[in-house]
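Enquirer: Handing you a structure now.
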Amino acid sequence: MNTNTKIAKESAISFTGMGLGQLFRYLFTTLLARWAGVELLGIYSLANAVTRISEVIG
-2 MNTNTKIAKE SAISFTGMGL GQLFRYLFTT LLARWAGVEL LGIYSLANAV TRISEVIG
């Protein structure tokens, strides 16, 4: 397998994995909103935002 083919294959795998991760996150948030309600979803979203910002900084 040449280098270009390997790069294309691994990029496609990575892109697919990232897309599936986003899809699962969307589904989880939707289910959490239905199950926990507005108030707990807000708390979850705030904690998630703080965690993501901390990941970028740290």
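Counting from 1, position 50 in the sequence shown corresponds to residue 47 in our numbering; the numbering is continuous, with no gaps. Ideal placement from N, C-alpha and C gives every residue a C-beta, glycine not left out.
If we ignore side chains and look at the alpha-carbon of each, how far apart do E36 and T26 end up?
Expert: On the sequence shown, residue 36 is found 39 positions in, with the first residue counted as 1. On the sequence shown, residue 26 is found 29 positions in, with the first residue counted as 1. Going by the C-alpha atoms only, they are around 13 Å apart.
Enquirer: Does DSSP put M15 in a helix, in a strand, or in coil?
Expert: Taking the sequence shown and counting its residues from 1, the one referred to as residue 15 is at position 18. Here M15 sits in helix by DSSP.
Enquirer: Are the Cβ atoms of L38 and L28 separated by less than 8 Å?
Expert: Here the question's residue 38 lines up with position 41 in the sequence shown. Here the question's residue 28 lines up with position 31 in the sequence shown. No, they are not a contact pair.
Enquirer: For a test of the three-state rule: what should DSSP assign to G39, helix, strand or coil?
Expert: In the sequence shown, residue 39 corresponds to position 42, counting from 1. Note: G39 maps to helix in three-state DSSP.
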